[in-house]
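Residue 149 in this note's numbering sits at position 149 of the sequence shown; the count goes up by one each step and never skips. Each residue gets a CB set at the ideal place from its N, CA and C atoms; glycine is no exception. Computed from a predicted structure; not experimentally measured.
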Amino acid sequence: MEGLMMQYPLTTTAILEYGNRAFQHKKVISYLPDGSRHAYSFGDLHKRCKKLANVLTQKLGITKGDMVGTYAWNHYQHLELYYGIPGIGAVCHTINIRLSSQQTEFIINHSEDKVIFVDATLAPLLEKIAAQLETVECYVLINAPEGFSTTLPNTMHYEDLLEGQSEEFEWPSLDENQACGMCYTSGTTGLPKGVLYSHRSTYLHASTVLAPNAANCSNRDVVLLIVPQFHVMAWGFPYMCVLTGADMVMPSLHLQPEAIIDMLQKEKITKANGVPTIWLGVYEAMKKNPPKEKLALQEYLVGGSALPASLIDGFERDFGIRGVHAWGMTETSPLGTVSRLQRKHAQLGQKEQLEIRAKQGTEFPGIEMRIVMDDGSIAPRDGKTMGELQVKGAWVLHSYFKTHNQENFTKDGWFRTGDVSTIDADGYMQITDRTKDLIKSGGEWISSVALESALMSHPRIKEAAVIAIPDATWSERPLASVVLADKNETVTPKELMEFLGRDFAKYQIPDQYVFLGEVPKTSVGKFNKKEIRRLYAEGKLT
Ligand code: AMP
């Protein structure tokens, strides 16, 4: 028998309309690229999203199902795009500004973006590849100063377009299963892959993330959105904050520790998110120069890489601020687990408590996880047995955009994360390794395979194997072990860095090189990265 409840589509427009009805006076504060502070209310956001909808449909010819790219920092205009684009039934494709030119070109052509909204400070990055972009009809510049010039073709200005537009717009009725946003992940082998979120998955993710067991946000909070809107939808915070009525602070490119501390103080921020590298920087800066008044910040949510127990401990001891560890992936919208102590843990000593809090945590309602061992059996939840972490749930993808590749999915409908983990008897998951041949540095991926093939294309190099090594600031950094083609020749790390600089972004280039007689191999002749990592850990890789 069917239930007798209304069909109420869970859409991003429903979130925007709710924010406007329930929290019209709540604030969105942006620190814009030029350093100025901009503030407006959820009511203003609502009006401007309607103006934007008129621009998209009437001036730019965007229709349902079209892809619209954004290449922008966190600020109110990007927030308007997060609601305006899906609101008319198009897809908001957020493009990661940290990817290499080749990856960016591939992504834009693959997704078939019709228009790209680009921050003026980022326009030079797109200028380099604009001639190769096959589907982009025009570029809309955001925050361009007077007299700004660019070689991008067919440019318009965001504010000019919105100026004089009507604040009336009737949102089309949308099916909640329609696509609303897209992010590409480079956290897999091969080419970047598109993850296409639906209105429903976005709504459910946001309304689950705000809960006390998760990001713990309410209408009494002021939230600093550090995770970029160009990376995994800023962890859904732009939707979560409107649903919960929290004031939002958007830092655009002001991500240096001093700038963040300044915002924490001035805006009386109570909650924030970010990768460990950011919070490590903030902690170090606060230790050097402690704020005169206690910050309003209660807790910061960390994911993307493992949150070190030492950082949780130091921040809390020195400043009374709680680090909360979460795990997720682009493929899981992204948040899948969070680690919070339960009442029964109160009796544990501080060390045991820290051990639990440094785990990646328990799954959100709406997400299921399991550990699968090499023989295909499910590992017991004993906190010891390791295997591949697999997940399924209401905001986990079931296939990548425009691919039929099913290798990341099991026959019984689970997504294979490529993370190697344990789950303990209380349900806390802990990542112990990853099967992906990738390095995660400062929250962004570096492909060891791409670096190896580039290095091996150097005329004086015979073999190159790249591994991740732990790094206190960036979580991980790449280390290249290299075998020269002719032992009598030399090549310096500086030469190799310059050589790689032609194809790779600066942060992707290894800063450490070791020269070996031979790269250790497995029985089938593959590079034995486990062995290289072991040699490095034992100090034998010199
Ligand atoms: P991305 O899709 O770029 O967000 O990357 C997702 C991957 O980042 C995961 O599969 C993990 O390998 C890694 N990751 C995310 N959160 C954590 C965490 N809290 N601890 C360790 N690794 C993490």
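Self-check item: the segment 144-152 / the segment 211-224 touching (three or more Cβ pairs under 8 Å)
Solution: No, the segment 144-152 is not in contact with the segment 211-224.
Quiz item: Going by Cα to Cα distance, which pick from Pro290, Arg477, Gly164, Gly87 is closest to Leu174?
Solution: Here residue 174 refers to the residue found at position 174 when the sequence shown is read from its first residue. Ranked by how close their Cα comes to the Cα of Leu174, the residues Pro290, Arg477, Gly164, Gly87 have Gly87 in first place.
Practice problem: Go through the segment 60-98 residue by residue and report every complete run of the beta strand (DSSP E) that reaches 3 residues or more, in order. | Solution: List check, beta strand (DSSP E) in window: 67-71, 91-94.
Quiz item: Which of the three DSSP states, helix, strand or coil, is assigned to Glu134?
Solution: Residue numbering aside, residue 134 sits at position 134 when the sequence shown is read from its first letter. Coil, per DSSP.
Quiz item: Residues bridged to Gln430 by DSSP?
Solution: Within the sequence shown, numbered from 1, the residue matching residue 430 stands at position 430. In DSSP, Gln430 forms a bridge with Thr422.
Quiz item: Under 6 Å from any heavy atom of the ligand AMP, does the C-beta of Gly194 make it?
Solution: Within the sequence shown, the letter at position 194 stands for residue 194. The answer is no for Gly194.
Quiz prompt | beta strand (DSSP E) segment containing Val482, residue limits | solution = Numbered from 1 along the sequence shown, position 482 holds the residue referred to as residue 482. 475-484 is the extent of the beta strand (DSSP E) around Val482.
Practice problem: With DSSP collapsed to three states, give me the class of Ala543. | Solution: Only positions 1 to 542 of the chain appear in this structure, which leaves residue 543 out of reach.
Quiz item: Around the Cβ of Ser333, are there at least 16 other Cβ atoms within 10 angstroms (buried) or fewer (exposed)?
Solution: As a position in the sequence shown, residue 333 is number 333, starting the count at 1. By the neighbour-count rule (16 or more Cβ atoms within 10 Å), Ser333 is buried.
Self-check item: Touching by the beta-carbon criterion (3+ pairs, under 8 Å), the segment 399-406 and the segment 437-448
Solution: The segment 399-406, when compared against the segment 437-448, does not touch it at the 8 Å Cβ threshold.
Self-check item: At least 3 beta-carbon pairs within less than 8 Å: the segment 521-532 vs the segment 462-471
Solution: Yes, the segment 521-532 touches the segment 462-471.
Quiz item: Between Gln360 and the ligand AMP, is the CB less than 6 Å from at least one heavy atom?
Solution: Locating residue 360 in the sequence shown gives position 360, counting from the first residue. Checking the Cβ of Gln360 against the ligand AMP gives yes.
Self-check item: Arg434: CB within 6 Å of a non-hydrogen atom of the ligand AMP
Solution: As a first step, residue 434 must be located in the sequence shown, where it is residue number 434. For the ligand AMP, at least one heavy atom lies less than 6 Å from the Cβ of Arg434.
Quiz prompt | Nearest to Tyr76 (by Cα), restricted to the options Ala358, Asp119, Leu341, Ala14 | solution = Within the sequence shown, numbered from 1, the residue matching residue 76 stands at position 76. Closest in alpha carbon position to Tyr76, among Ala358, Asp119, Leu341, Ala14, is Asp119.
Quiz item: Taking one C-beta from the segment 274-290 and one from the segment 90-105 each time, how about it: are there three or more such pairs within less than 8 Å?
Solution: No, the segment 274-290 does not touch the segment 90-105.
Exercise. Return the bridge partner residues of Phe515 from the DSSP annotation.
Key: For this step, residue 515 is matched to residue 515 along the sequence shown. Val482.
Exercise. Look up Ala179 in the DSSP assignment and give the residues it is bridged to.
Key: Along the sequence shown, one-based indexing puts residue 179 at 179. For Ala179, which the question treats as bridged, DSSP gives the partners Ser198.
Practice problem: Run the proximity test for Gly274: is its beta-carbon closer than 6 Å to any non-hydrogen atom belonging to the ligand AMP? | Solution: The residue given as residue 274 occupies position 274 in the sequence shown. Flag unset: Cβ of Gly274 not near the ligand AMP.
Self-check item: Identity of the residues DSSP links to Met456 by a beta bridge
Solution: On the sequence shown, residue 456 is found 456 positions in, with the first residue counted as 1. Bridge partners of Met456: none, in fact.
Quiz item: Between Val491 and Val519, is the Cβ-Cβ spacing less than 7 Å?
Solution: Numbered from its first residue, the sequence shown carries residue 491 at position 491. Numbered from its first residue, the sequence shown carries residue 519 at position 519. For Val491 and Val519, no; Cβs fall outside 7 Å.
Quiz item: Does at least one heavy atom of the ligand AMP sit under 6 Å from the Cβ of Pro334?
Solution: Within the sequence shown, the letter at position 334 stands for residue 334. Yes - the ligand AMP has a heavy atom lying nearer than 6 Å to the Cβ of Pro334.
Quiz item: Could you give the distance in angstroms between the alpha-carbon of Arg340 and the alpha-carbon of Ile321?
Solution: Sequence index remark: in the sequence shown, residue 340 carries index 340 (1-based). Sequence index remark: in the sequence shown, residue 321 carries index 321 (1-based). Between the alpha carbons of Arg340 and Ile321 lies a distance of about 14 Å.
Quiz item: What's the C-alpha gap between His157 and Phe230?
Solution: For the purposes of this step, residue 157 is taken as residue 157 along the sequence shown, with counting starting at 1. For the purposes of this step, residue 230 is taken as residue 230 along the sequence shown, with counting starting at 1. Each residue's Cα considered, the two are about 20 Å apart.
Quiz item: What is the rounded straight-line gap between the Cα of Val302 and the Cα of Ala326?
Solution: Working through the sequence shown from its first residue, we reach residue 302 at position 302. Working through the sequence shown from its first residue, we reach residue 326 at position 326. Near 6 Å, if we compare the C-alpha coordinates of Ala326 and Val302.
Quiz prompt | Secondary structure of Gln390, DSSP reduced to three states | solution = Position 390 of the sequence shown, counted from the first residue, corresponds to residue 390. DSSP places Gln390 in strand when its eight states are reduced to three.
Quiz item: In whole angstroms, what separates the C-alpha of Asp471 from that of Gly539?
Solution: As a first step, residue 471 must be located in the sequence shown, where it is residue number 471. As a first step, residue 539 must be located in the sequence shown, where it is residue number 539. Going from the Cα of Asp471 to the Cα of Gly539 covers about 15 Å.
Quiz item: Are the segment 304-315 and the segment 178-187 in contact at 8 Å, needing three or more beta carbon pairs?
Solution: Here the segment 304-315 does not lie against the segment 178-187, with fewer than 3 beta-carbon pairs under 8 Å apart.
Quiz item: At a cut-off of 6 Å, is Trp395 close to the ligand AMP when judged by its beta-carbon and the heavy atoms of the ligand?
Solution: For this step, residue 395 is matched to residue 395 along the sequence shown. Outside the cutoff, so no.
Quiz item: Should Asp419 be listed as close to the ligand AMP, given that the test is whether its C-beta is under 6 Å from any heavy atom?
Solution: Position 419 of the sequence shown holds residue 419. Asp419 Cβ: within cutoff of the ligand AMP.
Quiz item: Can you list, in chain order, the stretches of the beta strand (DSSP E) that have 3 or more residues and sit fully within the segment 491-537?
Solution: Those beta strand (DSSP E) runs which fall completely within the segment 491-537 and span 3+ residues are 512-515.
Exercise. Please find out if some non-hydrogen atom of the ligand AMP comes closer than 6 Å to the beta-carbon of Ser305.
Key: Position 305 of the sequence shown, counted from the start, is the residue given in the question as residue 305. Yes; taking the cut-off as 6 Å, the Cβ of Ser305 has a heavy atom of the ligand AMP nearer than that.
Exercise. In angstroms with no decimal places, state the Cα-to-Cα distance between Glu498 and Ile461.
Key: Along the sequence shown, one-based indexing puts residue 498 at 498. Along the sequence shown, one-based indexing puts residue 461 at 461. Taking the straight line joining both Cα atoms gives about 15 Å.
Quiz item: Thinking just about the alpha-carbon of each residue, which of Val324, Thr202, His110 is nearest to the one in Leu16?
Solution: Position 16 of the sequence shown holds residue 16. Nearest of Val324, Thr202, His110 to Leu16, Cα basis: Thr202.
Exercise. Would you tell me roughly how many angstroms separate the C-alpha atoms of Ala379 and Gly187, rounded to the nearest one?
Key: Residue numbering aside, residue 379 sits at position 379 when the sequence shown is read from its first letter. Residue numbering aside, residue 187 sits at position 187 when the sequence shown is read from its first letter. Near 25 Å, if we compare the C-alpha coordinates of Gly187 and Ala379.
Quiz item: Quick one: Cα of Thr362 to Cα of Thr417, how far?
Solution: Counted from its first residue, the sequence shown places residue 362 at position 362. Counted from its first residue, the sequence shown places residue 417 at position 417. When rounded, the distance between both Cα atoms is 16 Å.
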